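Residues 14 to 314 in this note's numbering are what the sequence shown spells out, letter by letter.
Cβ atoms here follow ideal geometry from the backbone N, Cα and C, with glycine treated the same way.
The structure displayed is predicted, hence computed values, not measured ones.
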Amino acid sequence: MQKIETVYNGESSQRLDVFVSVEADVSRSRAAALADEGAVLVNGKPSAKNTKLKTGDRVEITVPDPCEYEIKAENIPLDIIYEDSDLLVVNKPKGMVVHPAAGNFEGTLVNALMFHCGDSLSGINGVMRPGIVHRIDKNTSGLLMVAKNDFAHNSLALQIKEHSFTREYAAIVYGNIKDDTGAVNAPIDRHPIKRKQMAVVAGGREAVTHYEVMERLDGFTYLKLRLETGRTHQIRVHTAHIGHPVAGDDVYGPKKVITELNGQCLHARKIGFIHPRSNEYMEFESDLPDYFERFLKRKRI
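In structure tokens:
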């Protein structure tokens, strides 16, 4: 069972079922059904699906585990960088969704993991996200840890919570960043109006991104970025916030997209963590994918 507590910060009123659909990542009809079942509270009281939310309203959502859905194991090739009895490190390609959700119940990384690992995946995140400790976006490529048991999952999740987990990304962003190194320290939360997006919001959750210029390109900059925190869309939001959105980002970047990239030019290049059982620090790095290398080569001065 998933419990979500949030506050509506929109400047204009919004229907409760629309808000719940975004916050709980469920369909509009499912959100309406949750309200009808009394699983959605506004300011502590069950509320109808057509309730109009006002700024500052506290919303509590209880989403039952989707036990009725059985994930299909699919024989999808995986690029496994490392594997032992406790965990895997997988290099996810651009375009692959990490776990099943509305509209994406097949072809995900989890479907592939179910085929590869069978029942040997942690169950802490429920039947829809077995083994998933952390995520990267569909159109972000790169390295992910996967836990094979709850012992490993708890250890890895704690490292992420304590910010002791190494996450380094490569990105190409619009424009010429002035400083060779720097950091963006700006809180992130749901966009107050565009609820499917994140934004720098006063009073949001702490978010810190460090960057280093690797190469200056024709109209773009090639960056190495290190996450101190791990908020949803953090790099994409922070680079856009300083006026240099990730190339190809059709959500936080310019309306005119770079079609050859088919999504943001962002790659999770390095991860490092303490192994749950051996207590040894392990670090893994992946090569830049072909789409990234081609764009980098084309934009070199």
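query = Got a sec, what are the start and stop residues for the alpha helix (DSSP H) residue 32 sits in?
reply = Residues 29–36.
task = Determine the DSSP secondary structure at residue 223, reduced to helix, strand or coil.
result = Three-state result, residue 223: strand.
ask   = Per DSSP, what kind of secondary structure is residue 80 in: helix, strand or coil?
value = Its pLDDT being 48, under 50, residue 80 is placed unreliably by the model, and the measurement read from it follows with that caveat. Coil at residue 80, not helix or strand.
key: Backbone CA spacing between residue 80 and residue 213 [nearest angstrom]   = Here residue 80 scores only 48 on pLDDT, less than 50, and its place in the model is too uncertain to base an answer on.
message = Going by beta-carbon coordinates alone, are residue 165 and residue 135 separated by less than 8 Å?
response = It is a contact, given that the beta carbons lie within the stated cut-off.
inquiry  = Since residue 51 and residue 59 should fall inside the 8 Å C-beta cutoff, what is the C-beta to C-beta distance between them, to a whole number of angstroms?
reply    = With a Cβ gap of about 4 Å, residue 51 and residue 59 count as contacting.
query = Distance, Cα to Cα, residue 258 vs residue 63?
reply = C-alpha separation (whole angstroms): 36 Å.
message = Please identify the residue among 142, 98, 222 whose C-alpha is closest to the C-alpha of residue 238.
response = Per the Cα distances, 222.
inquiry  = Using a Cβ distance threshold of 8 Å, determine whether the segment 290–299 contacts the segment 254–272, with at least three qualifying pairs required.
reply    = Under the three-pair Cβ rule at 8 Å, the segment 290–299 does not count as touching the segment 254–272.
inquiry  = Once DSSP output is grouped into helix, strand and coil, what is the label at residue 280?
reply    = It is a strand residue.
task = Please report how far the alpha carbon of residue 84 lies from the alpha carbon of residue 24, in whole angstroms.
result = So the alpha carbons of these two residues sit roughly 39 Å apart.
inquiry  = Which residue wins for smallest C-alpha separation from residue 101, given the options 143, 86, 22, 44?
reply    = For residue 101, the nearest C-alpha among the options comes from 143.
Unbroken stretches of the beta strand (DSSP E), 3 residues or longer, contained in the segment 237–302 = Counting whole runs of 3 or more residues, the segment 237–302 contains the beta strand (DSSP E) stretches 279–287, 294–298.
message = Considering Cα atoms alone, identify which of 110, 153, 167, 74 is closest to residue 138.
response = Looking only at 110, 153, 167, 74, the smallest Cα-Cα distance to residue 138 is reached by 167.
inquiry  = Would residue 152 and residue 276 qualify as a contact pair, given that the criterion is a beta-carbon distance under 8 Å?
reply    = Yes, the Cβ-Cβ distance between residue 152 and residue 276 is below 8 Å.
Own chain residues within Cβ distance below 6 Å of residue 111, not counting five before or after = 122, 148, listed in sequence order.
message = Taking 8 Å as the threshold (C-beta atoms), are residue 220 and residue 234 in contact?
response = Taking the C-beta atoms as reference points, residue 220 is found no nearer than 8 Å to residue 234.
query = Just to confirm, are residue 185 and residue 260 a CB contact at a threshold of 8 Å?
reply = Yes, the Cβ-Cβ distance between residue 185 and residue 260 is below 8 Å.
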